[in-house]
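J.:
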Amino acid sequence: MPISLTVDGGLTYYISRHTIKSDKKSKFAGFDLDGTLITTKSGKKCPIDAKDWRWTHETVPYTLQKYHQKGYHIVIFTNQGGKTNIIEIGEKLSAIRKQIKKETKTTVPFSVLIASCHDFYRKPHIGMWEKYITLKSDIDKNIRDIHKKSFFCGDASGRKGEIGATDRYFAINIGIQFKLVEELFTDTDVSYKTYTGGFPKDTYIMNEYASLLRFWMDNTSEVDNTAFGNLKKIFQSDTKQKAIIMVGSPGSGKTVLAQRIWKYLMKLYNKDGREKIGESVVDPVTHLEQDIIGTRSKTLKQIENCVESRISFIVDATNAKNKHRTEIVDLIDDMYSVYIIDIQSPKWLSIHLNECRTHQLELRTGIPSPKELVPKIAIHMFYKNYESPTKQESTRVLILIPWTHPPKKAVQHKAFNYRYDI
0 MPISLTVDGG LTYYISRHTI KSDKKSKFAG FDLDGTLITT KSGKKCPIDA KDWRWTHETV
60 PYTLQKYHQK GYHIVIFTNQ GGKTNIIEIG EKLSAIRKQI KKETKTTVPF SVLIASCHDF
120 YRKPHIGMWE KYITLKSDID KNIRDIHKKS FFCGDASGRK GEIGATDRYF AINIGIQFKL
180 VEELFTDTDV SYKTYTGGFP KDTYIMNEYA SLLRFWMDNT SEVDNTAFGN LKKIFQSDTK
240 QKAIIMVGSP GSGKTVLAQR IWKYLMKLYN KDGREKIGES VVDPVTHLEQ DIIGTRSKTL
300 KQIENCVESR ISFIVDATNA KNKHRTEIVD LIDDMYSVYI IDIQSPKWLS IHLNECRTHQ
360 LELRTGIPSP KELVPKIAIH MFYKNYESPT KQESTRVLIL IPWTHPPKKA VQHKAFNYRY
420 DI
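Under numbering that gives the first Met the number 0, the first residue of the sequence shown is numbered 0, with each subsequent residue one higher.
1. With a Cβ-Cβ cutoff of 8 Å, do R324 and P388 count as a contact?
2. Apply the 10 Å Cβ neighbour rule to Y382 and answer buried if 16 or more other Cβ atoms are within range, or exposed otherwise.
3. Could you say if the stretch 47 to 55 and the stretch 120 to 129 meet the contact criterion of at least three C-beta pairs nearer than 8 Å?
4. Here's a check: name, in chain order, each residue in its chain whose Cβ is nearer than 7 Å to the Cβ of Q161, leaving out the five neighbours to either side.
5. Whose C-alpha, out of V246, I260, A28, I327, is nearest the C-alpha of Q235?
6. Buried or exposed: where does M334 fall if 16 or more other Cβ atoms within 10 Å of its Cβ makes it buried?
7. Nearest-angstrom Cα distance between F76 and S110?
8. Fully enclosed by the stretch 51 to 99, which alpha helix (DSSP H) runs are 4 residues long or longer?
9. Are there three or more Cβ pairs, one per stretch, closer than 8 Å when the stretch 17 to 32 is compared with the stretch 140 to 152?
10. Of all the options K346, F312, I340, which has the alpha carbon lying nearest to the alpha carbon of L330?
11. Leaving aside the five residues before and after F184 along the sequence, list all residues of the same chain whose C-beta is less than 8 Å from its C-beta, in chain order.
12. Give every residue of the same chain whose Cβ lies closer than 7 Å to the Cβ of G9, excluding the five residues on either side of it in the sequence, and list them in chain order.
13. Can you tell me which of the three DSSP states Y191 falls into?
14. Could you give the C-beta distance for N353 and P249, rounded to a whole number, given that I count them as a contact under 8 Å?
15. Using CA atoms only, rank isn't needed, just tell me which of E181, I88, T254 is closest to I340.
16. What does the alpha-carbon distance come out to for the pair R167 and T39?
17. Should T35 go down as buried or exposed, given a rule of 16 or more other Cβ atoms within 10 Å for buried?
18. Could you give the uninterrupted runs of the beta strand (DSSP E) lying entirely in the stretch 152 to 193, keeping only those of 3 residues or more?
19. Do you know whose CA, among N141, I145, D139, L112, lies nearest I130's CA?
20. Could you say if the stretch 15 to 24 and the stretch 132 to 147 meet the contact criterion of at least three C-beta pairs nearer than 8 Å?
21. Straight-line CA distance for I374 to T165?
22. Measure the alpha-carbon distance for D7 versus T298 and round it to whole angstroms.
23. Contact check, L134 vs I2 under 8 Å by CB: the rounded distance?
24. Grouping DSSP H, G and I as helix and E and B as strand, with all else coil, what is A319?
25. Measure the alpha-carbon distance for I88 versus Q79 and round it to whole angstroms.
26. Which residue from M380, E182, S336 puts its Cα closest to that of K346?
27. Give the straight-line distance between the Cα atoms of T18 and D51, rounded to the nearest whole angstrom.
28. At the level of alpha carbons, what is the spacing between V372 and R356?
29. To which residues of the same chain is Q176 closer than 6 Å at the C-beta, ignoring the five residues directly before and after it?
30. Hey, V314 and I243 are a contact pair by Cβ (cut 8 Å); roughly how many whole angstroms apart?
31. Could you spell out the range, first to last residue, of the alpha helix (DSSP H) harbouring L267?
32. Does DSSP put E392 in a helix, a strand or coil?
33. Pull up the distance between the alpha-carbon of W128 and that of I85, whole angstroms please.
34. Which same chain residues, not among the five before or five after N318, have their C-beta less than 7 Å away from its C-beta?
35. Going along the chain, which residues of its own chain have a beta-carbon closer than 6 Å to the beta-carbon of T5, five neighbours each way excluded?
36. Can you name, in chain order, every residue of its own chain whose Cβ lies under 7 Å from the Cβ of E288, other than the five neighbours on each side?
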């Protein structure tokens with residue numbers, strides 16, 4: 000009987016109905032597909048058709064049989080590019096299952112989940128894993144806590160010459176062991192010391208990166224609170240209108256900080272948040288978010304309107320270059336104090352947080368996020384063009400803010416920030 004796949008948005012899956020009776024914790028043996036279990040028979044990088052495959056090692060079917068007989072749930076998690084050809088991949092998976100039975104004389108049941116979009120399902124995000132556990136629990140009531148012997152095996156481990164570290168990150172994000180292809184299918188003695196991090200690139204091995212990120216998350220909140228407290232003191236002592244120019248990469252947290260500043264200044268200026276200017280009643284502070292306004296020229300026009308109306312404002316844009324900030328300052332007269340707030344987030348963290356904010360809705364609700372990822376090229380370009388602000392650019396103060404974990408304290412939200420996503 001051929002494998003029948005189900006399509007659910009960016010996820011395609013088949014969940015085995017095989018159950019394992021046990022009163023112990025559940026053991027899972029997870030595998031990547033291409034480059035791990037199979038490779039092309041033609042020798043080409045991409046398969047020609049559903050029949051263009053062979054085992055990466057002749058021991059593959061017997062290894063799968065071994066773990067099945069030991070009571071492991073066998074699961075394949077694979078990322079695929081573009082639109083998944085359901086018929087073709089269904090034929091291939093059916094052929095794989097048939098070949099395993101032919102060689103081992105045993106039926107080895109397995110589940111498979113395929114991510115074809117850049118969303119929360121795509122490894123190293125854990126969407127496929129969470130979906131599997133949910134669906135499998137409906138079939139097998141004996142699914143329990145994960146056994147410490149559970150593992151995931153893949154060919155993307157982060158070593159030199161490999162396509163990346165996606166598979167190793169995936170295992171770490173789930174919280175299970177990671178095994179190399181050579182470990183399971185050959186007698187090769189592999190040293191874990193050969194792993195390199197790549198995130199930050201070529202700087203830290205994985206556990207060092209995780210420690211760095213956790214330190215950053217857990218220790219910068221006090222710095223931020225102190226910095227924001229100082230900001231409030233500065234604003235309180237300043238009787239002039241305020242022009243606040245944000246500087247920071249996409250994903251650095253500048254908009255969140257800009258919103259916090261706006262809310263504080265609204266309370267500072269007027270408890271009701273409104274004041275009369277001429278014949279109109281307007282907000283005493285305006286948050287000018289360029290992504291919403293649309294263009295740089297429209298943003299500059301709104302700055303001119305704020306200056307004419309004597310309204311304090313926050314310019315929320317990347318403002319990477321000196322000339323970007325200068326063209327704003329040139330529109331402002333002496334009635335204003337100019338503040339430049341530079342969000343000093345390292346590039347790797349901005350890339351990571353870009354993923355976090357895009358997929359948090361999926362994490363919390365399972366609903367695909369309407370917010371698209373900012374292209375990585377935009378983040379790379381910010382750091383390429385970045386010119387550090389100087390005190391000469393500001394008539395009041397230059398404030399440097401280290402990145403901080405958002406004030407939200409949801410456990411899942413924070414745990415998501417600790418995960419690998421590149």
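Built from N, CA and C at the ideal position, the CB exists for glycine as well.
T.: The structure says:
1. yes
2. exposed
3. no
4. Rather than Gln, the amino acid found at residue 161 in this sequence is Glu. Within the same chain, E161 has close Cβ partners D154, A155.
5. I260
6. exposed
7. 9 Å
8. 59 to 68
9. yes
10. F312
11. T55, H56, T58, V59, T62
12. A114, S115, C116, D118, Y120
13. Only weak support exists for where Y191 lies, its pLDDT of 47 falling under 50; the value from the coordinates is given anyway. Reduced to three states, the DSSP call for Y191 is helix.
14. 6 Å
15. T254
16. 23 Å
17. buried
18. 176 to 178
19. The sequence as given places Lys at residue 130; Ile does not occur at that position. Selected option, being the one with the closest Cα: L112.
20. yes
21. The amino acid at residue 374 is misidentified as Ile; the sequence shows Pro. Approximately 19 Å, taken between the alpha carbons.
22. 40 Å
23. The Cβ separation is near 15 Å, so there is no contact.
24. coil
25. 10 Å
26. M380
27. 31 Å
28. It should be noted that the sequence gives Leu, not Val, for residue 372. Cα to Cα, the separation comes out at about 9 Å.
29. F150
30. 7 Å
31. 253 to 268
32. helix
33. 20 Å
34. I244, M245, V246, R324
35. Y12
36. T254, D315
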